[in-house]
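This is how it looks when you write it as structure tokens:
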């Protein structure tokens, strides 16, 4: 992600849409009215009852529009300086509308957990091992015991950290083999405070999503909740490059879980399909890297929970093939702090 925002008309439309979804998420509105005025294509008047955990707030069209842009006309949600200020809590760069202590983008882990467990179950089963005694008979060999892969043995990569408690709650749920990164050092520092000293297995890194210091196929699960949205606001090329890099570090049969409310569904799906194919001299060996599990549409967990309660769309993909590309980044040892 860079500090610039592309100046094409399409980029401005994308940023307006991103501001709308991110702003409504920040203030927790359940309904809204968007009049199109001559001064701002997204001249929002947000009114309705807020979520029970937040106070009711009414925003005038002029203030909600002007506060999302800096003096140069750049969208604040696409700037690194904005996120640095959010996590520092200094209120600079227009970062006075998001609490610096804790904030869960779109949804908390409690709401996501039924779907997370549903998506992880096949992964844990696919990563099983068998054991048998060297002195066992043929009949014993036919009844090999299967040892289920533990959550703590599954490498999880969290894209984007800061004041969101979801990664901490994910860790506390048993997914302790975790690497989490953000391009904002202030975000990394804030996450360190949230994780504390007792959650010592997590590795928190400052890194760019387009060039991660990880080996090819190093992780089993990638978890993104709003980070690709922020990158997409910065520019579509930055978004495409980030998806390609996250593809590179995901191993075969790995799962990518993405919670998004900004990226157009067709753009997000294409990024995981058409734009991330493994090149090969043999047409037979050239294949798409990902199978789609959830396409952002309405879906239900085994106990009936619906994705409509997440405040955003839920996408999930399964990795077909380990990447053959290589990054110029210097790799780091996973599992260290």
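Residue numbers (the numbering used here): 34 to 370. Yeah, the Cβ is synthetic: ideal placement off N, Cα and C, and Gly gets one too.
Beta-ladder partner(s) of residue i, from DSSP
i	result
residue 323	352
residue 291	257 and 348
residue 191	213 and 256
residue 283	252
residue 239	215
residue 270	Its beta-bridge partners do not exist; DSSP assigns none.
residue 339	333
residue 262	The partner list for residue 262 (beta bridge, DSSP) is empty, contrary to what the question assumes.
residue 328	348
Closest residue to residue i among the options (Cα-Cα distance)
i	options	result
residue 325	190, 342 and 306	306
residue 263	182, 217, 254 and 209	217
residue 122	142, 222, 260 and 153	222
residue 153	286, 342 and 109	286
residue 280	212, 351, 213 and 110	351
residue 242	181, 185 and 260	260
residue 119	185, 187, 197 and 191	197
residue 304	183, 258, 112 and 278	278
residue 257	186, 195, 234 and 157	195
residue 296	288, 235, 267 and 202	267
residue 191	240, 159 and 274	240
residue 203	254, 113, 347 and 108	254
residue 185	234, 248, 117 and 340	234
residue 248	156, 109, 110 and 188	188
residue 246	213, 270, 345 and 226	213
residue 112	271, 276 and 292	271
residue 346	299, 353 and 322	299
residue 159	137, 182, 151 and 138	182
residue 390	137, 201 and 301	Not covered by the structure: residue 390. The range shown for the chain is 34 to 370.
residue 136	227, 276, 265 and 323	227
residue 232	211, 265 and 108	211
residue 206	143, 114, 108 and 237	143
residue 381	151, 340, 244 and 276	Here the chain comprises residues numbered 34 to 370, so residue 381 is not present and cannot be evaluated.
residue 108	265, 274 and 342	265
residue 294	329, 273 and 274	329
residue 151	353, 340 and 344	340
residue 157	353, 343, 274 and 208	208
Nearest-angstrom beta carbon gap, residue j and residue i [assumed within contact, 8 Å]
i	j	result
residue 349	residue 331	Incorrect: roughly 14 Å between the Cβ atoms, too far for contact.
residue 215	residue 229	Actually they do not touch by this definition, with Cβ atoms about 17 Å apart.
residue 224	residue 141	Wrong, their Cβ atoms sit about 16 Å apart, outside the cutoff.
residue 220	residue 250	In fact, because the Cβ distance is near 26 Å, the residues do not count as touching under 8 Å.
residue 139	residue 292	5 Å
residue 282	residue 252	6 Å
Near the ligand FMN: residue i beta-carbon under 7 Å from a heavy atom
i	result
residue 304	Of the ligands one can find in the structure shown there are none, so the ligand FMN has no counterpart to examine.
Exercise. Any chance the stretch 327 to 345 sits against the stretch 132 to 151, with 3 or more Cβ pairs inside 8 Å?
Worked result: In short, these stretches touch, since the Cβ pair count reaches three.
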